[in-house]
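Since the structure comes first, as structure tokens, the remarks are kept for the end.
Protein chains in written order, with the numbering used here: chain A, 22 to 268; chain B, 3 to 263.
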């Protein structure tokens, strides 16, 4: 497989929190353009820390983060939808553009398009509390998309959703990824989710967190894949790697 | 509509029964009117003395409204300053507490001596009582912004000003309104207490002075009439502020949204 150019690389990264916990030690990883990379590992392995460091939220203790060119726009989706309850769906998605000083009227077509992309067309005037958990997560994803980020960082975005909603959102995410040619880094603790979504899985081990192994996956995906033998086989492989990492 | 009726009818019924029982009790046991007047005597006093009571009501209302406005303006300003830096908050918050815990009756005489204009002195006293809930609630609100939303704005490269206007201020709104509702009642209490301490006569006298005056003259029905006017004013302030809170939060805040199910 031809390797795409690197978008961002973490080199020898250590992270020690102020309470003395060593979250990461000597972590090396490269994210390439157009990849959908999953960071898979047990809780407390520093998966979320990696995302936060890439996003520039928090300082490295040692090591470096190298961007191919300058750090571009980043989209971030948290585990909770993290919406502003006082703002409408439109207002929430408009936020990143508003921060950039784009007038509301000028931003409107882009916000509308982002809403369409995640299946929220017509919900612009709804308030977050009027939406279901899955819909709120869609708003959160639309907010991350509206600024057309170079890289989309997702921190266990579907972990708190029910399985049916999660499957739907998995497929929608894959569809968007295929059509928009994004680079996505996806943190999860679910083997099944990581195998279903990713082009590459980085299995992490805990205390201190580092990448213990890497699994490359074929990229063609559709809903029938979920029930295929290949899927089951790959899940078994990744589960074994995860078990090694946790041993 | 139905819920409005169930909210209005029971308390009204209690009121009517209570007033009737009061009137019957006063008449049956022949209590003199200078000890305990019945409701009818009080209403008669209210109508008869309206010409003096009404201007007094306006004086008390003006002081209360002025104090509440000042408490809102200064309270929010102080809370915003507190929210800018932990050091500012830690340095000045104790003094806000000191101002709050010192009984207004105890410092009102000093303020009345220091400040020449009585109306201003009364306003300051009422302000002292009213401003703390707004400061403490708004400060809490400004510091209660969702951390992930703060992270998100940092990620977008938002300025401090943007973080304040887009995030901190709206998330503080329910807290501020909660404080405002408490302060509304306190401003009235502060104004009345200060009026009692000042006790000044003349034309610019509020309802508290009317109560004192009626007491000296053993005009007990008029005393009750003035007392009811103060209570009515307090209820009116509460209702208005509750309505404001509801209108401001009805679309998004859990406290104002009807539960379904």
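Backbone N, C-alpha and C fix where the C-beta goes; we use that ideal spot for every residue, glycine too.
Is residue j closer than 8 Å to residue i when the C-beta atoms are compared?
i, j, result
"residue 31(A)", "residue 48(A)", "yes"
"residue 118(A)", "residue 128(A)", "yes"
"residue 237(A)", "residue 221(A)", "yes"
"residue 144(B)", "residue 81(B)", "yes"
"residue 114(A)", "residue 180(A)", "no"
"residue 167(B)", "residue 106(A)", "no"
"residue 106(B)", "residue 131(B)", "yes"
"residue 145(A)", "residue 103(A)", "no"
"residue 186(B)", "residue 240(B)", "yes"
"residue 158(A)", "residue 182(A)", "yes"
"residue 142(B)", "residue 94(B)", "no"
"residue 41(A)", "residue 84(A)", "no"
"residue 192(B)", "residue 69(B)", "yes"
"residue 179(B)", "residue 245(B)", "no"
"residue 100(A)", "residue 214(A)", "no"
"residue 98(B)", "residue 134(B)", "yes"
"residue 65(B)", "residue 108(B)", "no"
"residue 61(A)", "residue 224(A)", "yes"
"residue 226(A)", "residue 266(A)", "yes"
Specify, as a first and last residue, the run of the beta strand (DSSP E) that residue i falls within.
i, result
"residue 118(B)", "Element bounds for residue 118(B): n/a, residue is neither H nor E."
"residue 186(A)", "Where residue 186(A) is concerned, there is no enclosing beta strand (DSSP E), although the alpha helix (DSSP H) it sits in stretches over 184 to 201."
"residue 204(A)", "204 to 209"
"residue 34(A)", "27 to 37"
"residue 85(A)", "83 to 88"
Can you give the Cα-Cα distance for residue i and residue j, rounded to whole angstroms?
i, j, result
"residue 54(A)", "residue 169(B)", "33 Å"
"residue 117(B)", "residue 123(B)", "6 Å"
"residue 96(B)", "residue 104(B)", "12 Å"
"residue 143(A)", "residue 64(A)", "38 Å"
"residue 132(A)", "residue 172(A)", "18 Å"
"residue 151(B)", "residue 45(B)", "57 Å"
"residue 228(B)", "residue 171(B)", "40 Å"
"residue 45(A)", "residue 80(A)", "12 Å"
"residue 205(A)", "residue 257(B)", "38 Å"
"residue 39(A)", "residue 79(B)", "33 Å"
"residue 136(A)", "residue 130(A)", "10 Å"
"residue 113(B)", "residue 126(B)", "8 Å"
"residue 220(B)", "residue 36(B)", "6 Å"
"residue 207(A)", "residue 111(A)", "25 Å"
"residue 204(B)", "residue 43(B)", "In this predicted model, residue 204(B) has a pLDDT of only 49, less than 50, meaning its place in the structure is not dependable; the value taken from the coordinates is given anyway. Roughly 27 Å between the two C-alpha positions."
"residue 167(A)", "residue 229(A)", "35 Å"
"residue 37(A)", "residue 147(A)", "42 Å"
"residue 122(A)", "residue 10(B)", "49 Å"
Which residues in chain B sit within 9 Å of residue i, going by Cβ to Cβ distance?
i, result
"residue 75(A)", "By Cβ distance, chain B contributes nothing, its closest Cβ being about 11 Å from residue 75(A), past 9 Å."
"residue 70(A)", "Neighbours of residue 70(A) on chain B: none; closest Cβ ~13 Å, over 9 Å."
List, in order along the chain, the chain A residues whose C-beta lies closer than 9 Å to that of residue i?
i, result
"residue 135(B)", "Within chain A, no residue comes near residue 135(B); the closest Cβ sits about 22 Å away, beyond 9 Å."
Mind checking which residues open and close the alpha helix (DSSP H) that includes residue i?
i, result
"residue 183(B)", "171 to 200"
"residue 95(B)", "88 to 103"
"residue 43(B)", "41 to 50"
"residue 73(A)", "68 to 76"
"residue 219(B)", "Here residue 219(B) belongs to no alpha helix (DSSP H), and DSSP marks it neither H nor E."
"residue 254(A)", "250 to 267"
"residue 137(A)", "125 to 138"
"residue 167(A)", "154 to 167"
What does residue i touch in chain B if you count any residue whose Cβ is under 8 Å from its own?
i, result
"residue 29(A)", "Within 8 Å Cβ-Cβ: nothing; residue 29(A) doesn't reach chain B, min ~15 Å."
"residue 120(A)", "155, 158, 159, 160, 164 and 168"
Starting from the beta carbon of residue i, find every residue of chain B whose beta carbon is closer than 7 Å, and list them in chain order.
i, result
"residue 103(A)", "148, 150, 151 and 154"
Give the interface partners of residue i over in chain A, defined as CB-CB distance under 8 Å, in chain order.
i, result
"residue 172(B)", "105, 107 and 108"
I want to check one thing, is the minimum distance from the CB of residue i to the heavy atoms of the ligand MG below 7 Å?
i, result
"residue 90(B)", "Absence of the ligand MG is noted for the structure shown, with no ligands found whatsoever."
| said: By the 8 Å beta-carbon criterion, what residues does the region 147 to 166 of chain B contribute toward chain A? | reply: The residues in question are 148, 150, 151, 153, 154, 155, 156, 157, 158, 159, 160 and 164.
| Contacting positions in the region 75 to 101 of chain A - beta carbon closer than 8 Å to chain B | Per Cβ criterion, the list reads 76, 77, 78, 95, 97, 99 and 101.
| field | Members of the region 125 to 143 of chain A near chain B, C-beta cut-off 9 Å | value | Along the region 125 to 143 of chain A, there is no position whose C-beta sits under 9 Å from a C-beta of chain B.
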